[in-house]
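Residues 519 to 658, numbered by the numbering used here, are exactly what the sequence shown covers, in order.
Report on the structure given below.
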Amino acid sequence: MRKIMLLNGPNLNLLGKREPEIYGTTTLENIECKITQLGITHGIEVICRQSNHEGELIDNLHDAFEFDGVIFNPGAFTHYSYAIRDAIAAIQAPVIEVHISNIHARESFRHVSVTAPETKGQIVGLGIKGYELAFYALMD
Ligand code: CA2
Numbered sequence: 519m520r521k522i523m524l525l526n527g528p529n530l531n532l533l534g535k536r537e538p539e540i541y542g543t544t545t546l547e548n549i550e551c552k553i554t555q556l557g558i559t560h561g562i563e564v565i566c567r568q569s570n571h572e573g574e575l576i577d578n579l580h581d582a583f584e585f586d587g588v589i590f591n592p593g594a595f596t597h598y599s600y601a602i603r604d605a606i607a608a609i610q611a612p613v614i615e616v617h618i619s620n621i622h623a624r625e626s627f628r629h630v631s632v633t634a635p636e637t638k639g640q641i642v643g644l645g646i647k648g649y650e651l652a653f654y655a656l657m658d
């Protein structure tokens with residue numbers, strides 16, 4: 519069976535609980551459930567992880583050698599973590615970067631992703647639908 523990792527970074531555990539005007543009302547648990555269900559439908563095992571810590575996210579990316587792909591929202595680390603960028607570059611599994619909000623329509627510090635150049639692709643601003651689209655992209 520194929521296996522993918524759904525990995526979420528800092529503060530995404532607060533989804534649906536704070537700032538609904540930016541991030542909506544869906545919780546991280548809802549997203550994890552949705553992608554796990556898609557996995558069941560399509561015969562793909564989905565392992566869900568979230569961390570607020572840079573090093574833990576890097577450890578999770580290192581585990582990705584066991585996976586066929588990673589759906590990754592690095593949160594604010596997107597904009598400045600060269601360590602996470604290097605971890606993405608070091609693994610074989612394709613990584614799809616997802617952002618719920620349109621980072622290009624927000625503060626200027628969010629316009630840059632230092633991680634995206636090492637990913638297979640990036641989905642931005644489509645809300646939580648972005649996670650589903652990333653799933654289908656990896657499936658293909
Ligand atoms: O749009 C995205 O998915 C982001 O990765 C979300 C990050 C942000 O730093 C990036 O620039 C864009 C922040 C996630 C914070 O999530 C919260 C959810 C609810 C309440 C507070 C924060």
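Glycine residues also receive a C-beta, built at the ideal position from the N, C-alpha and C atoms.
Using DSSP with H/G/I as helix, E/B as strand and the rest coil, what is Ile609? coil
Under the criterion of a Cβ to heavy atom distance below 6 angstroms, does Tyr541 qualify as lining the ligand CA2? yes
What residues in its chain sit with their C-beta under 6 angstroms from that of Ile641, if we drop five residues either side in the sequence? Val616, Gly648, Leu651, Ala652
Restricting to Cα atoms, I'd like to know which of Glu550, Arg567, Gln555 is closest to Ala582. Arg567
Where do the N-terminal and C-terminal ends of the alpha helix (DSSP H) with Lys647 fall, by residue? 647-657
Straight-line Cα distance separating Gly573 from Lys707: An answer regarding residue 707 cannot be provided, because it is not within the stretch 519 to 658 covered by the chain.
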